[in-house]
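See below for the structure under consideration.
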Amino acid sequence: MRITVFGAAGNVGRRVVAEALARGHQVTAVVRDPARFPELPSAADARAGNAANADDVAELSAGQDVVIGATRPAPGSEGELVTATRGLLAGLTGTGVRLLVVGGAGSLTVPGTGGVTVVDGPGFPASWRPIALACNEQLAVCRAETAVDWGYLSPSALLEPGVRTGRYRLGTDELLVDAKGDSAISMEDLAVALLDEAERPRHHRTRFTAGY
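Our numbering runs 4 ahead of the 1-based position in the sequence shown.
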């Protein structure tokens with residue numbers, strides 16, 4: 005497949021690029037700052053572009069099968085996440101290219117709480133609230149979109165660098181927890197779930213989640 009990844013030098017983005025290349029796909033790895041090109045694998049086609057710019061998105065997605073949005077703003081700039089998502093959707097309108105968005109877990113409901121979301125649950129860290137709320141708005145923007153074939157992947161509550169096991173479970177709008185009540189997935193396995201969805205589409209204009 006021909007895949008464009010925005011946010012390709014980020015924590016999740018670079019693992020998505022690595023997973024896609026390992027599967028033999030042609031990857032266009034997009035970053036805003038060309039100074040980050042050395043961080044990208046030599047096998048990827050490194051390009052500069054801004055997901056918030058619909059013209060950049062249209063240019064960098066031309067002839068591609070899938071575009072993956074894995075951008076993450078710096079603390080204090082959380083609003084850029086929604087702007088980037090709007091740019092991705094606008095740039096892909098009318099192209100027939102599918103969009104997969106790496107989102108947040110805050111809007112997932114916590115099992116056994118009657119519908120309380122992660123971000124509104126007890127003990128949710130205050131420092132995470134700005135990005136969680138931005139992710140909630142990001143999901144709302146996607147759900148309002150009817151012209152683009154999008155999929156929105158929410159990770160588990162704990163998303164950290166780790167090991168690629170190739171194993172995960174899928175869900176929809178409820179947080180996935182294990183037998184101990186923990187909710188986690190490595191960034192490597194989130195990339196596996198994302199590429200599996202790219203290769204074998206199951207979620208069209210809907211949110212899904214992955215976890216152990």
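Even for Gly, the Cβ is constructed at its ideal location relative to N, Cα and C.
Note that the coordinates shown come from a computational prediction; the quantities given were computed from them, not determined experimentally.
Legend entry - Cut-off 8 Å between Cβ atoms - residues of its own chain near T176, not counting five sequence neighbours on either side: T210, R211, F212 and T213
Inset, instruction - Measure the alpha-carbon distance for E203 versus G119 and round it to whole angstroms. - result: 32 Å
Legend entry - Touch test, the segment 95-107 against the segment 59-67, Cβ-Cβ under 8 Å, three pairs minimum: yes
Legend entry - Cβ-Cβ distance between A109 and S46 below 9 Å: no
Legend entry - Closer than 8 Å: V61 CB and nearest the ligand ZN heavy atom: The ligand ZN is not part of the structure shown, which contains no ligands of any sort.
Inset, instruction - Pick helix, strand or coil for S111, following the three-state DSSP scheme. - result: Assignment of S111 by DSSP, reduced to helix, strand and coil, places it in the coil class.
Legend entry - Sequence ranges, beta strand (DSSP E) only - wholly within the segment 156-199, length at least 3: 162-164, 173-175 and 188-190
Legend entry - Straight-line Cα distance separating L85 from R6: 24 Å
Legend entry - Whole-Å CB distance - G91 paired with N57, under 8 Å assumed: For a cut-off of 8 Å, the C-beta gap from G91 to N57 is around 6 Å, short enough to register as a contact.
Inset, instruction - Could you tell me the boundaries of the alpha helix (DSSP H) in which A12 lies? - result: Premise fails: A12 is in no alpha helix (DSSP H) and is neither H nor E.
Inset, instruction - Return the chain-ordered ranges of every beta strand (DSSP E) run that is complete within the segment 38-82 and spans a minimum of 3 residues. - result: 49-52 and 70-73
Legend entry - Under the three-state DSSP convention, the category R27 falls into: In the three-state reduction of the DSSP assignment, R27 falls in the coil class, being assigned neither a helical nor a strand state.
Legend entry - Backbone CA spacing between L179 and D124 [nearest angstrom]: Their backbone Cα atoms lie some 13 Å apart in a straight line.
Inset, instruction - Under 8 Å by Cβ, that's how I've got V20 and A74 pegged, so tell me the actual separation to the nearest angstrom. - result: The pair is a contact, with the Cβ atoms about 6 Å apart (cut-off 8 Å).
Inset, instruction - Could you check the C-alpha separation between W132 and P79 for me, to the nearest Å? - result: 9 Å
Inset, instruction - Give the DSSP-derived three-state secondary structure of R204 in the structure shown. - result: Annotated three-state conformation of R204 is coil, per DSSP.
Inset, instruction - Drop a sphere of 10 angstroms on the beta-carbon of N54, count the other beta-carbons inside from all chains shown, and report buried for 16 or more, exposed for fewer. - result: The residue in question, N54, is buried, as its Cβ has 16 or more Cβ neighbours within 10 Å.
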